[in-house]
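Student: Numbering (my numbering), first residue to last: 1 to 405.
Ideal Cβ positions, reconstructed from N, Cα and C, are used throughout, including at glycine.
The structure is given below, and queries will be raised subsequently.
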Ligand code: KDG
Ligand code: MG
């Protein structure tokens, strides 16, 4: 079997996605997601100019050797652009292997470890009341876990709230540059514990709760927040602080027992190695698209398992349905599964381009058994929806200092 053609497909069914299609001489093809939100075209150039020429005429069944060739063989290892490009190739090769074997990818990984994939939804709100009302709606739909994000009184716009827009792509609108949002650590710290206090008073302790700090606190501030939230028994606090310096998490850990999750911007196991070995975290949130594909994620998960760290892949809407399907296969297999972030099944426009094997039932994601990853990509529809440059917002402190968004 040989790879004869590779297409790098860019489309905007509501937001930008980069999709890779690897076609073989036997007519079997595989799909992969290469989307890095706000930096999409950098991955396109990396794939088209540097990786695709290395793959033509290769045997698509040699997944491990191809991965090593593109990672070690490049000399320039790691980084989000490189690893998203390699991830898309890796996903597409697993898709092909599954189709050739006539088996869903989770079977190739070792088979099912569970029947359903527990998912958490996003209850957002412009006010505390609206956020709690939305939490109630998620509980009614059967969710077992929900993330709470709320606008901070006195701050115009923050992470997780969108000033009435449906996503960051819409928030960008026709602005030529990234939207800017203000940040105040003290206003945030004074407000968030009240959100969780009222959530527990209104809905009790059966529902699991999550909160994403989006890396806006220093380690000691994260420790303070963790202590304030301890009575409300969160499933985890996500991205409490940036972990560019992994040692920082020792500070958080030494002060609070709140479970910690991190990893959505990690690209290799080296971004998490000290966090895992020091047992400074409880959940690793790396996405298959941003972590170099299924091949390294399996290794990462096995390594994390030795230190009681569970996998909770990033599930934001800027990952394409191909990545969400890859997560579903991975999650069905992975022994140390935690939870899957889940934002629903997309709009009609999105579904006109991607058809996927996923469904949601009473708090769990289900996966229909199809060979490979089970996703189809409608190239004709996709071609009608052209790429439009879009950025994520940036944050500034109230005095204008640039801060983590
Ligand atoms: O592209 C960035 C988003 O995916 C990110 O801001 C979403 O933090 C996020 C999450 O937890 O879903
Ligand atoms: Mg996050």
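#1: Count the CB pairs spanning the region 10-27 and the region 355-366 that are closer than 8 Å, and state whether there are at least three.
#2: Applying the 10 Å Cβ sphere with the 16-neighbour rule, what's the burial state of residue 395?
#3: Can you grab the Cα-Cα spacing for the pair residue 188 / residue 130, in whole Å?
#4: Report whether the distance from the Cβ of residue 37 to the nearest heavy atom of ligand 1 is below 7 Å.
#5: For residue 316, verify whether its CB is less than 7 Å away from any heavy atom of ligand 1.
#6: Assign residue 300 to one of three DSSP states: helix, strand, or coil.
#7: Report, in whole angstroms, the separation of the C-beta atoms of residue 331 and residue 117, which I expect to be a contact under 8 Å.
#8: Is the beta carbon of residue 238 within less than 7 Å of some heavy atom of ligand 1?
#9: Give a single yes or no on whether residue 211 has its beta carbon closer than 7 Å to a heavy atom of ligand 1.
#10: Let me check one thing: in DSSP terms, what residues is residue 124 bridge-paired to?
#11: Are the region 260-280 and the region 50-61 in contact at 8 Å, needing three or more beta carbon pairs?
#12: Does the Cβ-Cβ distance between residue 316 and residue 340 come in under 8 Å?
#13: Using the Cβ count rule (16 or more neighbours within 10 Å means buried), how would you classify residue 220?
#14: Residues bridged to residue 261 by DSSP?
#15: Check the DSSP bridge columns for residue 251 and list the partner residues they point to.
#16: With DSSP run on the structure shown, which of helix, strand or coil describes residue 403?
#17: Consult DSSP for residue 67 and reduce its assignment to one of helix, strand or coil.
#18: According to the neighbour-count rule (16 or more other Cβ atoms, all chains shown, within 10 Å of its Cβ), is residue 174 buried or exposed?
#19: Using beta-carbon positions only, say whether residue 145 and residue 210 come within less than 8 Å of one another.
#20: For the 8 Å Cβ check, are there 3 or more pairs between the region 126-142 and the region 219-237?
#21: Tell me whether residue 333 sits in a helix, a strand or coil according to DSSP, three-state version.
#22: Touch check for the region 228-237 and the region 196-203: three-plus C-beta pairs under 8 Å?
#23: Can you tell me which of the three DSSP states residue 408 falls into?
#24: Let me know the secondary structure DSSP gives residue 270 once reduced to three states.
#25: Assign residue 352 to one of three DSSP states: helix, strand, or coil.
#26: Starting from residue 409, trace the alpha helix (DSSP H) in both directions and tell me its first and last residue.
#27: How would you label residue 25, buried or exposed, when you count the other beta carbons within 10 angstroms and need 16 or more for buried?
#28: Per DSSP, what kind of secondary structure is residue 306 in: helix, strand or coil?
#29: Tell me the DSSP secondary structure of residue 104 in three-state form.
#30: Which residues mark the beginning and the end of the beta strand (DSSP E) in which residue 22 is found?
#31: Suppose contacts are defined by Cβ-Cβ distances below 8 Å. Is residue 232 in contact with residue 281 by that definition?
#32: Thinking C-beta only, is residue 153 closer than 8 Å to residue 374?
#33: On the three-state DSSP scale, how would you describe residue 226?
#34: Please indicate yes or no: does the CB of residue 290 lie closer than 7 Å to some heavy atom of ligand 2?
#35: For the region 26-33 and the region 86-104, state whether three or more C-beta atom pairs, one from each stretch, are separated by less than 8 Å.
#36: Return yes when the Cβ of residue 318 is within less than 8 Å of the Cβ of residue 82, no when it is not.
Tutor: With the structure as the only source:
#1: No contact exists between the region 10-27 and the region 355-366.
#2: So residue 395 counts as buried.
#3: Distance between residue 188 and residue 130, taken at the CA atoms: about 17 Å.
#4: For residue 37, the shortest C-beta to heavy atom distance toward ligand 1 is below 7 Å.
#5: Flag set: Cβ of residue 316 near ligand 1.
#6: Helix at residue 300.
#7: About 5 Å separates the two Cβ atoms, so the contact holds.
#8: It does: the Cβ of residue 238 is within 7 Å (strictly closer) of some heavy atom of ligand 1.
#9: Checking the Cβ of residue 211 against ligand 1 gives no.
#10: DSSP lists 149 as partners of residue 124.
#11: Cβ pair count under 8 Å is below three, so no.
#12: No, the Cβ-Cβ distance between residue 316 and residue 340 is not below 8 Å.
#13: The Cβ neighbour count for residue 220, taken over all protein chains shown within 10 Å, is under 16; the residue is labelled exposed.
#14: Paired residues: 238 and 283.
#15: DSSP lists no partner for residue 251.
#16: Three-state result, residue 403: strand.
#17: Note: residue 67 maps to helix in three-state DSSP.
#18: Its Cβ having fewer than 16 others within 10 Å, residue 174 is exposed.
#19: Inclusion of residue 145 and residue 210 in the CB contact set at 8 Å is warranted, their separation being smaller than that value.
#20: The count of Cβ pairs closer than 8 Å, one atom from the region 126-142 and one from the region 219-237, stays below three, leaving the stretches out of contact.
#21: It is helical.
#22: Touching, yes.
#23: For residue 408 there is no data in the structure shown, the boundaries of the chain being 1 and 405.
#24: In the structure shown, residue 270 sits in a helix (DSSP, three-state: H, G or I).
#25: Looking at residue 352 - three-state DSSP - the assignment turns out to be helix.
#26: Nothing in the structure corresponds to residue 409, since the chain is present only between 1 and 405.
#27: Under this definition residue 25 is an exposed residue.
#28: DSSP places residue 306 in coil when its eight states are reduced to three.
#29: DSSP, read as helix, strand or coil, puts residue 104 in strand.
#30: Per DSSP, the unbroken beta strand (DSSP E) holding residue 22 starts and ends at 17-24.
#31: No, the Cβ-Cβ distance between residue 232 and residue 281 is not below 8 Å.
#32: Contact flag unset, no.
#33: Three-state result, residue 226: helix.
#34: Result no, Cβ not under 7 Å from ligand 2.
#35: Yes: at least three Cβ pairs fall under 8 Å.
#36: For residue 82 and residue 318, no; Cβs fall outside 8 Å.
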